[in-house]
Amino acid sequence: LLDPEGMLWAATEDAGLFCADTRRKPLRFERVDLPAGTRDEYVNGLTQGASGRVYACGEHGLAVLSAGKWRRYTDKDGLKQTHVAYALELRDGSFLVGYFESMGLSRIRFRADGSLEYEAHPVQGDRLDHEKVYMLGQDSQGRIWVGTGRGVFLIQDGAAQHFGLSEGLVGEDIDNMAFLADPGGDVWVGSSSGLARFDAGSYQGPPPPPATAFLSCAMGERGFDPSLPGPEVLHRDGTLMTRFSGMSFLG
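Counting in the numbering used here, the sequence shown runs from 128 upward without gaps.
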């Protein structure tokens, strides 16, 4: 991560966090002592938001650099798990956290005192609660992208649309933070099988659910047309029997 002030940040798998001032020659990396950290800490995701905050995701929690000071957040602060893998600051000032284990996402906002306020999950229901997150991104239209081990989810208006091999991805094993948003709305996503581009101009939103066709309907021994008002039958004929078909080749 190269920040606007010329500081180059480097996360390591078993040696913590380092930074170097690119304005000084020769380039020299120095260790960053994170709160409650260790010299062999696994630091994974490393991002900076529009607020200027730097987010370092490690096995001992989420470390955030704000106004020149680091602060560490763990499960004691409300995170689902102390070991976090990725963080992304969104345009509205909140941020997303993805965990090292398959625990989905959290959407969080900072209070004035620096403590965490947890907001409603970006997706209604529990569709992403058990996903292993490898990538977080936000495109030029504000839509959220989440990469997992089984494809990409596009989150918009509380709903998540899945993109996999059948939707054009070259592979569903998404690489760590392999995401690029073009100003025009297109999105590039990297996977272990190659690179894919989302064409925003041709995207028309999630497909409508498949229609259901009733082949036959009967109350007892009496058949009826389901498009018309229901028939009146005796109690002994109150058993409803239908035959229907889902008009889709999808499972």
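Backbone N, C-alpha and C define an ideal beta-carbon position, used for all residues, glycine too.
| query | Would you report the Cα separation of S229 and L206, rounded to the nearest angstrom? | reply | Cα-Cα distance, rounded: 14 Å.
| Beta-carbon proximity check, E186 vs E168, cutoff 8 Å | Against a cut-off of 8 Å, the Cβ pair of E168 and E186 comes out as a contact.
| Cβ-Cβ distance between A379 and T174 below 8 Å | Summary: the structure shown does not reach residue 379, with the chain confined to residues 128 through 378, and so no result is reported for it.
| said: Here's the rule I'm using: 16 or more other beta-carbon atoms within 10 Å means buried, otherwise exposed. How should F371 be labelled? | reply: F371 is exposed by the Cβ-count criterion.
| Exposure of G378, with buried meaning 16 or more beta-carbon neighbours within 10 Å | Residue confidence for G378 is low, a pLDDT of 47 falling below 50, so the modelled location carries little weight and cannot support an answer.
| query | Residue range of the beta strand (DSSP E) that F222 falls in? | reply | Its beta strand (DSSP E) spans residues F222 to Y226.
| task | Measure from the alpha carbon of P162 to the alpha carbon of each residue in Q265, P249, L281 and R199, then state which is nearest. | result | Nearest C-alpha to P162 among Q265, P249, L281 and R199: R199.
| request: My understanding is that R180 touches E216, with C-beta atoms under 8 Å, so please give their C-beta distance in whole angstroms. | output: The Cβ separation is near 7 Å, so the contact holds.
| task | Count the other CB atoms, across all protein chains shown, that sit within 10 Å of the CB of F325; report buried if there are 16 or more and exposed otherwise. | result | Its Cβ being crowded by 16 or more others within 10 Å, F325 is buried.
| Where does G378 sit, in a helix, a strand or coil, going by DSSP? | At G378, the pLDDT of 47 sits below 50, so the modelled position is not reliable and the matter cannot be decided from this model.
| task | Below 7 Å CB to CB, which residues in the same chain sit around H257 once its five sequence neighbours on both sides are set aside? | result | Closer than 7 Å at Cβ, skipping near neighbours: S229 and G231.
| message | By alpha-carbon positions, which one of S221, G195 and S267 ends up nearest to A308? | response | Here the closest residue by C-alpha is S267.
| request: Could you spell out where the beta strand (DSSP E) holding A148 opens and where it closes? | output: According to the sequence shown, residue 148 is Asp rather than Ala. Where D148 is concerned, the enclosing beta strand (DSSP E) stretches over L144 to D148.
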